[in-house]
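Engineer: Handing you a structure now.
Number of protein chains: 2
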Amino acid sequence: MTISGASKELPPAAAGDPRRRNARAHEAILVATSELLTEVGYARLTIEGVAARAGVGKATVYRWWRSKAALAVEAMSRRFDSPLPAETGDLRQDLLDAVRRAIDGLARSPEGALIPALAADLMRDPTLAAQFREQILRPRRSRVIAILRKAIDRGELPANVDVDLLMDVYVGAVLYRVVVSGEPVDESLAEQLVSLLLDGKQPVIPSVD
Amino acid sequence: MTISGASKELPPAAAGDPRRRNARAHEAILVATSELLTEVGYARLTIEGVAARAGVGKATVYRWWRSKAALAVEAMSRRFDSPLPAETGDLRQDLLDAVRRAIDGLARSPEGALIPALAADLMRDPTLAAQFREQILRPRRSRVIAILRKAIDRGELPANVDVDLLMDVYVGAVLYRVVVSGEPVDESLAEQLVSLLLDGKQPVIPSVD
DNA sequence: CGGTCAATACGATACGTATCGTCTCGGCGC
DNA sequence: GCGCCGAGACGATACGTATCGTATTGACCG
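Below, the structure is given as structure tokens:
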């Protein structure tokens, strides 16, 4: 195809990047996707709908994103930007805050409802799944990791705590309740989980006194 | 639920049920669904495909099942019948067994891959979601509940343990790793989770000695 | 400098396929 | 015969691809 000897080309987003030209359409597509995700959810999101809303041809969407999932991942990674955490320096308080954030993100916002459908598509596209974890999961997790590391430094947690698993436990419990068991997700859940993780106390049914 | 009115309806397959005649087609449809679920997964399962494989008209499928999700739920509820548990009477051993079963079901069998896509559909159909929990979730959970109750009777667990949450924790952690974080799900995970739940030990990275 | 031009991304839209859920058909078992 | 059956035609919708003519751009030339 490209024959001429001298051209600079593929390297991503350099000066002479093709994207310079696309900036407007590119942006409009991501905005439209983001809006439609909250309006109709992931399952009912269609490429045609995105193109129409963005005032763009379908082909333009397909030119840059392989699939609906790829589009959604990029659109979402913009929104999950940074609701900065509190970081009081008190492990219990900070962890409780992190659990509450997980609950808000998964159970209270419409984002949570997107996850199962998106996850289903991601399971078929390992590359995209990796991107999802990198761009969306990792930033959120790294904040909690920072909290836990400081607690380790203070000696409040063993040095070899498996921080990843620790997070998987509370996020998993919340996610499971939201998407599978349908049981309530509330403040007392947050407290139970923190208590389990920090004090080793088995969860008990809160008394009603 | 119980409707005092005249019509008997939802209750499954009574004597003078219209299903009498349909028995053959009915069965063929469920078998075809079950086979296709393992062959192509939930996302690529189509009603047309089911009808074709079952040697049945599409309308016959729609006559009895509102949606692909309803069909899948019923087909799955037959397979999850009963891989009877061991029940040694030793809490740690029995719980470990339960966690391993969860891992096998979610991470090792193809069933696990169905869950996100199915869950996404279930979130739009609360009635069906309830049926899913009743027919598929509850039987599996009730076995673990029995184990935990006996442990309570023996005094190995506090009387007011929140058994539901306890199960949510380990199932959630496993599910989260499988469908979201993509981290490994192995035997050491099972042990870590049991240790967290029974001993209150925070998860630590297994040393490599 | 400023004008020209090939390259190419653009919006639009037509295309063929797939699947949906509805709907009519004869046919045949009860 | 009544009514459920299998078959499949049907209008929708969305897919992903292909092809228009246009608009914008950066490189080159004058």
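Chains as they are written, first to last, in my numbering: chain E, 1 to 209; chain F, 1001 to 1209.
Don't be surprised by glycine CBs; every beta carbon is placed ideally from N, CA and C.
How many angstroms separate the CA atom of residue 181(E) from the CA atom of residue 1134(F)?
Structural biologist: Taking the straight line from one Cα to the other gives about 10 angstroms.
Engineer: Could you check what DSSP says for residue 1204(F) in three-state terms: helix, strand or coil?
Structural biologist: Of the three classes helix, strand and coil, the one that applies to residue 1204(F) here is strand, per DSSP.
Engineer: Would you kindly work out how many angstroms separate the C-alpha atoms of residue 52(E) and residue 44(E), rounded to a whole number?
Structural biologist: Those two C-alpha atoms are separated by around 14 angstroms.
Engineer: Which whole-angstrom value is the C-beta distance of residue 1198(F) and residue 1170(F), which I expect to be below 8 angstroms?
Structural biologist: Contact doesn't hold; Cβ gap of about 11 angstroms is too wide.
Engineer: When we look at the beta-carbon of residue 111(E) and count the other beta-carbons within 10 Å, is it buried (16 or more) or exposed?
Structural biologist: Burial call: buried.
Engineer: Cutting at 6 angstroms between CB atoms, please list the residues of its own chain near residue 116(E), excluding the five before and the five after it.
Structural biologist: Around residue 116(E): 179.
Engineer: Can the beta-carbon of residue 54(E) be found less than 7 angstroms from the beta-carbon of residue 32(E)?
Structural biologist: Going by C-beta atoms, residue 54(E) is nearer than 7 angstroms to residue 32(E).
Engineer: Which bits of chain E does residue 1133(F) rub up against, with CB to CB less than 9 angstroms?
Structural biologist: In chain order: 180, 181, 182.
Engineer: Count the other C-beta atoms from every protein chain shown that fall within 10 angstroms of the C-beta of residue 1186(F), then say buried if there are 16 or more, exposed otherwise.
Structural biologist: Exposed, since its Cβ has fewer than 16 Cβ neighbours within 10 Å.
Engineer: With three or more C-beta pairs closer than 8 angstroms as the rule, is the segment 85-95 of chain E touching the segment 140-156 of chain E?
Structural biologist: Contact holds: three or more Cβ-Cβ distances are below 8 angstroms.
Engineer: Output yes if chain E places a C-beta closer than 7 angstroms to the C-beta of residue 1146(F); else output no.
Structural biologist: No, no contact with chain E.
Engineer: Taking any Cβ of chain F, which residues in the segment 88-110 of chain E have a Cβ under 9 angstroms from it, in chain order?
Structural biologist: The segment 88-110 of chain E vs chain F, Cβ under 9 angstroms: nothing.
Engineer: Closest to residue 79(E) by CA distance: which of 60(E), 109(E), 191(E) is it?
Structural biologist: Of the listed residues, the one whose Cα sits closest to residue 79(E) is 109(E).
Engineer: At a Cβ threshold of 7 angstroms, is residue 116(E) touching chain F?
Structural biologist: Interface residue, yes.
Engineer: What are the boundary residues of the alpha helix (DSSP H) that residue 64(E) is part of?
Structural biologist: From DSSP, the alpha helix (DSSP H) with residue 64(E) extends over 58-64.
Engineer: Are the segment 1115-1130 of chain F and the segment 117-136 of chain E in contact at 8 angstroms, needing three or more beta carbon pairs?
Structural biologist: With the cut-off at 8 angstroms, the segment 1115-1130 of chain F and the segment 117-136 of chain E touch.
Engineer: Let me check one thing: in DSSP terms, what residues is residue 161(E) bridge-paired to?
Structural biologist: Its beta-bridge partners are 1204(F).
Engineer: Kindly list, in the order they appear in chain E, the residues whose Cβ is closer than 8 angstroms to that of residue 1201(F).
Structural biologist: Neighbours of residue 1201(F) on chain E, chain order: 200.
Engineer: Using alpha carbons as the reference points, say which of 1046(F), 1103(F), 1034(F), 1027(F) lies closest to residue 1172(F).
Structural biologist: Answer by Cα proximity: 1103(F).
Engineer: Check whether the Cβ atoms of residue 167(E) and residue 204(E) sit closer than 7 angstroms, and answer yes or no.
Structural biologist: No, Cβ-Cβ distance for residue 167(E) and residue 204(E) is not below 7 angstroms.
Engineer: Restricting to runs no shorter than 3 residues, where is the beta strand (DSSP E) found entirely within the segment 126-189 of chain E?
Structural biologist: Taking only runs of at least 3 residues, no beta strand (DSSP E) segment lies wholly in the segment 126-189 of chain E.
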